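Numbering (this note's numbering), first residue to last: 626 to 795.
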Amino acid sequence: MELINFILDSSTVQFLIFLTKIFAPIIFLFFLGVSLFSLKKSPTFIQMGFWQDLIELKNQKAYGVGKVEKKWLGITQRLETTNVADWKLAIIEAESLIEEILARMGLGGESFGDRLKKMDKSQLPSLDDLTQAHQVRQDVVHDPDYRLDFEQTTRVIGIYERALRELDAL
Numbered sequence: 626m627e628l629i630n631f632i633l634d635s636s637t638v639q640f641l642i643f644l645t646k647i648f649a650p651i652i653f654l655f656f657l658g659v660s661l662f663s664l665k666k667s668p669t670f671i672q673m674g675f676w677q678d679l680i681e682l683k684n685q686k687a688y689g690v691g692k693v694e695k696k697w698l699g700i701t702q703r704l705e706t707t708n709v710a711d712w713k714l715a716i717i718e719a720e721s722l723i724e725e726i727l728a729r730m731g732l733g734g735e736s737f738g739d740r741l742k743k744m745d746k747s748q749l750p751s752l753d754d755l756t757q758a759h760q761v762r763q764d765v766v767h768d769p770d771y772r773l774d775f776e777q778t779t780r781v782i783g784i785y786e787r788a789l790r791e792l793d794a795l
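In structure tokens, the structure reads:
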């Protein structure tokens, strides 16, 4: 017992204990940071979706909504021109955006129309309107002489916007 007291009372041991108290938290934080960085870069950890869950929790929005909103803003800005080609492109891009979201939801099918056929009104209340908007988009793509006016364009874009909101993408 005297030996233990002697060792603990020595100035060298006291100095080592002091250094340990100072550097242990720093070393701990360093290794914690390295571990978290490694986890973040790990493909397996990324596939588990942990980071997406944290982002959703922080933002109170589904992961990726910010990107969708940014794309949607670009689409709606196309309506501010008087160029019919921009309107047509806005319709094509809007449907492409919804198709991308439906694919991420796991709806199979080779085309947008196939994905729509696999849905029902309980999943998407504006399904009938979306089907009509899809038909307009098909006409725009397959008929270069298709006449599109601003009123029809805003109606179709409105349908796509409503569908995005119903899918909680906006």
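Glycine is no exception: its CB is placed at the ideal position from the N, C-alpha and C atoms.
Since the structure is predicted, the reported quantities are computational estimates derived from the model, not experimental observations.
For this session: Would you check if the distance between the CB atom of I700 and the CB atom of A715 is smaller than 7 Å?
Result: On the sequence shown, position 75 is the one that residue 700 refers to. On the sequence shown, position 90 is the one that residue 715 refers to. Yes. Within cutoff.
For this session: Could you give the DSSP three-state label for G731: helix, strand or coil?
Result: The count along the sequence shown starts at 1 and reaches residue 731 at position 106. Residue state, collapsed to three classes: coil.
Problem set entry | Beta-carbon contacts of I717 that lie in its chain and below 8 Å, excluding the five residues immediately before and after | Within the sequence shown, the letter at position 92 stands for residue 717. Counting only Cβ-Cβ distances below 8 Å, and skipping sequence neighbours, we find R762, V765 and V766.
Problem set entry | Of the residues Q777, D754 and Y771, the one placed nearest L789, counting alpha carbons only | Here residue 789 is taken as the residue at index 164 of the sequence shown, counted from 1. Closest option to L789, Cα to Cα, is D754.
Exercise. Is the beta carbon of L773 sitting closer than 7 Å to the one on W712?
Worked result: As a first step, residue 773 must be located in the sequence shown, where it is residue number 148. As a first step, residue 712 must be located in the sequence shown, where it is residue number 87. Their beta carbons are under 7 Å apart, which means L773 touches W712 by this criterion.
Exercise. Going along the chain, which residues of its own chain have a beta-carbon closer than 7 Å to the beta-carbon of L727, five neighbours each way excluded?
Worked result: Locating residue 727 in the sequence shown gives position 102, where the first residue counts as 1. Hits under 7 Å: R740.
Problem set entry | Reduced DSSP secondary structure (H/G/I, E/B, other) of D739 | Residue numbering aside, residue 739 sits at position 114 when the sequence shown is read from its first letter. In the structure shown, D739 sits in a helix (DSSP, three-state: H, G or I).
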